[in-house]
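Residue numbers (our numbering): 371 to 871.
Cβ atoms here follow ideal geometry from the backbone N, Cα and C, with glycine treated the same way.
Being a predicted model, the structure only gives us computed values, none of them experimental.
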Amino acid sequence: MIKYTDLTAGTSMLSPSVLHKSELGKAMHFPLSNLLSRRLDKSDNGFDVGTASYMTKSNYYFIKAKALQPDKFIPILDGEGAVPMNMKAFIDYKLRAGDLLISKDSNVGECVLVPEDLNNYMPCGALYRLPIDKNKLYVFAYLKSKMFKKQLDALVPKGATIRHAGTKFLHCLVPFPTFNKDLKIKIVEELVQMIVSKEKKIQQNHLKIKEIILDELVRNGANPFDVEFSKTHFKELIEANRIDASYYSRKAKYQKALIREYEFGFNTLDQLGYKMKRGQNLQVTNIGKSVYSNHAKPNFYTVIKPTNFTDYGTVADYEYLGNKNDLQTLRDGDIVFSAEGTVGKCVLFTNTGEKWITNIHGIVLSPNHSNISLSAYVSCILRFYKDWGFYDHFTVGGQGGSLGKNYWEDILIPKFPDSIVEEIIQLYHSNHKAKINSENILNDDEAWNSSVGILELDYSIKRLKNLLENTLQKISNDDDFDVAEVYSKIQEHYNLYHNQK
Numbered sequence: 371m372i373k374y375t376d377l378t379a380g381t382s383m384l385s386p387s388v389l390h391k392s393e394l395g396k397a398m399h400f401p402l403s404n405l406l407s408r409r410l411d412k413s414d415n416g417f418d419v420g421t422a423s424y425m426t427k428s429n430y431y432f433i434k435a436k437a438l439q440p441d442k443f444i445p446i447l448d449g450e451g452a453v454p455m456n457m458k459a460f461i462d463y464k465l466r467a468g469d470l471l472i473s474k475d476s477n478v479g480e481c482v483l484v485p486e487d488l489n490n491y492m493p494c495g496a497l498y499r500l501p502i503d504k505n506k507l508y509v510f511a512y513l514k515s516k517m518f519k520k521q522l523d524a525l526v527p528k529g530a531t532i533r534h535a536g537t538k539f540l541h542c543l544v545p546f547p548t549f550n551k552d553l554k555i556k557i558v559e560e561l562v563q564m565i566v567s568k569e570k571k572i573q574q575n576h577l578k579i580k581e582i583i584l585d586e587l588v589r590n591g592a593n594p595f596d597v598e599f600s601k602t603h604f605k606e607l608i609e610a611n612r613i614d615a616s617y618y619s620r621k622a623k624y625q626k627a628l629i630r631e632y633e634f635g636f637n638t639l640d641q642l643g644y645k646m647k648r649g650q651n652l653q654v655t656n657i658g659k660s661v662y663s664n665h666a667k668p669n670f671y672t673v674i675k676p677t678n679f680t681d682y683g684t685v686a687d688y689e690y691l692g693n694k695n696d697l698q699t700l701r702d703g704d705i706v707f708s709a710e711g712t713v714g715k716c717v718l719f720t721n722t723g724e725k726w727i728t729n730i731h732g733i734v735l736s737p738n739h740s741n742i743s744l745s746a747y748v749s750c751i752l753r754f755y756k757d758w759g760f761y762d763h764f765t766v767g768g769q770g771g772s773l774g775k776n777y778w779e780d781i782l783i784p785k786f787p788d789s790i791v792e793e794i795i796q797l798y799h800s801n802h803k804a805k806i807n808s809e810n811i812l813n814d815d816e817a818w819n820s821s822v823g824i825l826e827l828d829y830s831i832k833r834l835k836n837l838l839e840n841t842l843q844k845i846s847n848d849d850d851f852d853v854a855e856v857y858s859k860i861q862e863h864y865n866l867y868h869n870q871k
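Structural data, given as structure tokens:
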């Protein structure tokens, strides 16, 4: 119940969101400000250089708030997460491995762990570096939890467009265990280290896949000096039935030549046995009324929306839908391609079960075979084309454009040598059984990470994050639990994935 003293205290604001109070467990709780090694000051806050300092290419980078994402423990420093900047505007913040960055604006409260020294990167003004020395990974685990987000949401007013938290995150309370404190902090920090290690490996695998594909195309594709970059003729407009300028640009002609003149040839998706269809139309006029949920429920469909696809060929988040009809479900080996908005993100689905669906904004490439490895290779090529900027020449419309079924004649799959195809597949989808010893858990986990692909690493991350959230919830509630059971569940999650295969 809200009291009059609550209204008159502090800001005297009547906003329900500000007056909301998060219920905390029975554990000992300390304000985040008390856990800092010193007071937060101006030197911990990043600086905005302004768009005039942005560049197309540079060895120096400006980390934007967008680099901090809710589903990631480490920053995303490719794409829009970090932009090249003018060296003269660069300020050396000496970002080091293990530094914690937290956002005070826009994506308020998002926090990441810097995975390695970032000598040529500087944070934007929306970010603070938290000076924490003791129990750093434990505190970071809580900053990534739902409990922390609830507390901060209650403290920060809802803005019309962008939210601003200032340093209100320092008032959030962090729980600490009262029983077996050292052991419980240790397992939490080990879970964080395992998740961070896997996220780093996913980024490394993704970059390696792009390097392999580009190197092979450049080495055995068309010689740029042999590509004809003449002016576009009327005959070309008639043959292609397109008049958008980008389709006939110098870059588009070179990229198409690299693929079409690749030494070992290419295949169309149809030749590889893939048929295209739109995802399920989820509108009420098509399937009737549905019940949506953020949590899995019995007999509900798991909805995989293209808006939740990552650049790495994984799904960041799921939604769940209850509907009485038999909807169009995904099968093992299906590739779901984001055909609108952020065109080109795509995911291979394995072990989909019986009730996984996507929506009409996705194109489903459904194979007439059961060759999962081929689907893994095809999906990697399709994702590479997005990062390469290849789809930019073919998409139509605004707001990111769209790539309808009628515009796929230029989307070809090069016939790489088997050894290169296998190397690409192993980096994206490769399953190996793990044996984890609780006494050597980090080394055993690191060895497993090196033997599997992006899909397996992502599966493991999701399981470990759920385990971490549940463990932190028990600590907050002051529930005593056996740390050995947590280690047992870590081993169990590896076996669960392997047994599905």
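State yes or no: is the C-beta of L782 within less than 7 angstroms of the C-beta of I629?
Taking the sequence shown and counting its residues from 1, one reaches residue 782 at position 412. Taking the sequence shown and counting its residues from 1, one reaches residue 629 at position 259. Inclusion of L782 and I629 in the CB contact set at 7 angstroms is warranted, their separation being smaller than that value.
Please confirm if the stretch 727-735 is in contact with the stretch 644-657, defined as three or more CB-CB distances below 8 angstroms between the two stretches.
These segments touch.
Have a look at the DSSP bridge pairing and note the partners of Q625.
For this step, residue 625 is matched to residue 255 along the sequence shown. Residue pairing from DSSP leaves Q625 without any beta-bridge partner.
Going by DSSP, which residues form a beta bridge with S708?
Taking the sequence shown and counting its residues from 1, one reaches residue 708 at position 338. Answer is G732.
Give a yes or no on contact between the stretch 667-677 and the stretch 810-818, applying the rule of three or more CB pairs nearer than 8 angstroms.
Fewer than three beta-carbon pairs drawn from the stretch 667-677 and the stretch 810-818 are found closer than 8 angstroms, and the two stretches are therefore not classed as touching.
Hey, is the stretch 817-825 in contact with the stretch 672-687, meaning 3+ C-beta pairs nearer than 8 angstroms?
Contact holds: three or more Cβ-Cβ distances are below 8 angstroms.
Using the Cα positions of I472 and V482, report the straight-line distance between them to the nearest angstrom.
On the sequence shown, position 102 is the one that residue 472 refers to. On the sequence shown, position 112 is the one that residue 482 refers to. Put simply, the backbone Cα of I472 is about 7 angstroms away from that of V482.
Rounded to the nearest angstrom, what separates D849 and F518 at their Cα positions?
The residue labelled residue 849 in the question sits at position 479 within the sequence shown. The residue labelled residue 518 in the question sits at position 148 within the sequence shown. Cα atoms of D849 and F518: separation of roughly 18 angstroms, rounded to the nearest angstrom.
Residue closest to L543, alpha-carbon to alpha-carbon, out of Y777, I751, S403, T712:
Translated into the one-based positions of the sequence shown, residue 543 becomes position 173. It is S403.
C-alpha gap between G771 and F764, whole angstroms:
Counting from 1 along the sequence shown, the entry for residue 771 is found at position 401. Counting from 1 along the sequence shown, the entry for residue 764 is found at position 394. Near 9 angstroms, if we compare the C-alpha coordinates of F764 and G771.
Of all the options L507, P454, F400, F786, which has the alpha carbon lying nearest to the alpha carbon of C494?
Translated into the one-based positions of the sequence shown, residue 494 becomes position 124. Among L507, P454, F400, F786, the Cα nearest to that of C494 is on P454.
Through-space distance from A817 to Q843, alpha-carbon basis:
Your numbering for residue 843 matches position 473 in the sequence shown. Your numbering for residue 817 matches position 447 in the sequence shown. Whole-angstrom Cα-Cα distance: 29 angstroms.
Can you give me the start and stop residues for the alpha helix (DSSP H) that A817 sits inside?
Your numbering for residue 817 matches position 447 in the sequence shown. If you look at A817, you'll find it in the alpha helix (DSSP H) that goes 811-819.
Which of the three DSSP states is assigned to Q313 in this structure?
Any property of residue 313 remains undetermined from this structure, which presents the chain solely from 371 to 871.
L842 lies in the beta strand (DSSP E); which residues open and close that run?
Here residue 842 corresponds to residue number 472 of the sequence shown, with the count starting at 1. Per DSSP, L842 lies in no beta strand (DSSP E) segment; the continuous alpha helix (DSSP H) that holds it begins and ends at 824-846.
Answer with buried or exposed for D640, where buried requires no fewer than 16 other C-beta atoms within 10 angstroms of its C-beta.
Locating residue 640 in the sequence shown gives position 270, counting from the first residue. Result: exposed.
Please return the same chain residues whose Cβ sits closer than 8 angstroms to the Cβ of F664, not counting the five positions on each side in sequence.
What you label residue 664 is simply residue 294 of the sequence shown in a count that begins at 1. This sequence places Asn at residue 664; Phe is not what is there. Result list for N664: E689, Y690, in chain order.
So is Q650 buried or exposed if we call it buried at 16+ other beta carbons inside 10 Å?
On the sequence shown, position 280 is the one that residue 650 refers to. Residue burial annotation: Q650 is buried, with at least 16 other C-beta atoms found within 10 angstroms of its C-beta.
With three or more C-beta pairs closer than 8 angstroms as the rule, is the stretch 742-754 touching the stretch 782-801?
Yes: at least three Cβ pairs fall under 8 angstroms.
Per DSSP, the bridge partner or partners of N415:
Position 45 of the sequence shown holds residue 415. Checking the DSSP bridge columns, you'll see N415 partnered with Y498.
Could you name the residues that DSSP lists as bridge partners for V717?
Counting from one through the sequence shown, the residue named residue 717 turns up at place 347. For V717, which the question treats as bridged, DSSP gives the partners V706.
With Y431 and Y491 assumed to form a contact (beta carbons below 8 angstroms), what rounded beta-carbon distance in angstroms separates them?
To locate residue 431, count along the sequence shown from 1; it is residue 61. To locate residue 491, count along the sequence shown from 1; it is residue 121. In this structure Y431 touches Y491 by the C-beta definition: roughly 5 angstroms separates them, less than 8 angstroms.
Find the nearest neighbour of K340 within the set S428, L406, S476, judged by alpha-carbon distance.
This structure cannot settle anything about residue 340, because the visible part of the chain is limited to 371 through 871.
Take D585 as the anchor and find which of F754, V566, N489, T655 has the nearest alpha-carbon.
Here residue 585 refers to the residue found at position 215 of the sequence shown. Nearest of F754, V566, N489, T655 to D585, Cα basis: F754.
With the cut-off set at 7 angstroms, would you say K570 and P485 are in Cβ contact?
The residue given as residue 570 occupies position 200 in the sequence shown. The residue given as residue 485 occupies position 115 in the sequence shown. Closer than 7 angstroms, so yes.
Would you identify the three-state DSSP class for D788, choosing helix, strand or coil?
Position 418 of the sequence shown, counted from the start, is the residue given in the question as residue 788. The three-state reading of DSSP puts D788 in helix, counting H, G and I together.
If you run the structure through DSSP and keep just helix, strand and coil, what is T531?
The residue labelled residue 531 in the question sits at position 161 within the sequence shown. Since pLDDT at T531 reaches only 47, below the 50 mark, its modelled position is unreliable, and the value read off the structure follows with that caveat. Note: T531 maps to coil in three-state DSSP.
Following the continuous alpha helix (DSSP H) through S567, name the residue where it begins and the one where it ends.
For the purposes of this step, residue 567 is taken as residue 197 along the sequence shown, with counting starting at 1. Segment 551-590, the alpha helix (DSSP H) holding S567.
Give the DSSP-derived three-state secondary structure of I860 in the structure shown.
Counted from its first residue, the sequence shown places residue 860 at position 490. Reduced to three states, the DSSP call for I860 is helix.
Need the endpoints of the beta strand (DSSP E) that M398 sits in, please.
Indexing the sequence shown from 1 puts residue 398 at position 28. Looking at the DSSP string, the run of the beta strand (DSSP E) that includes M398 is 398-401.
First and last residue of the alpha helix (DSSP H) that includes S745?
Here residue 745 corresponds to residue number 375 of the sequence shown, with the count starting at 1. Annotation: the continuous alpha helix (DSSP H) that includes S745 extends over 742-758.
Would you give the residue range spanned by the beta strand (DSSP E) that N471 belongs to?
As a working mapping, residue 471 is identified with position 101 in the sequence shown. According to the sequence shown, residue 471 is Leu rather than Asn. For L471, the enclosing beta strand (DSSP E) starts and ends at 470-473.
Can G692 and V673 be called in contact, C-beta distance under 7 angstroms?
The residue given as residue 692 occupies position 322 in the sequence shown. The residue given as residue 673 occupies position 303 in the sequence shown. Remark: C-beta atoms of G692 and V673 do not approach each other more closely than 7 angstroms.
Who pairs with Y644 in a beta bridge, going by DSSP?
For this step, residue 644 is matched to residue 274 along the sequence shown. The partner list for Y644 (beta bridge, DSSP) reads P737.
Could you give the first and the last residue of the continuous beta strand (DSSP E) run that contains F510?
Counted from its first residue, the sequence shown places residue 510 at position 140. Here F510 belongs to no beta strand (DSSP E); instead the alpha helix (DSSP H) covers 506-513.
Span of the alpha helix (DSSP H), counted from its first residue to its last, around A524
As a first step, residue 524 must be located in the sequence shown, where it is residue number 154. Annotation for A524: the continuous alpha helix (DSSP H) segment containing it runs 516-525.
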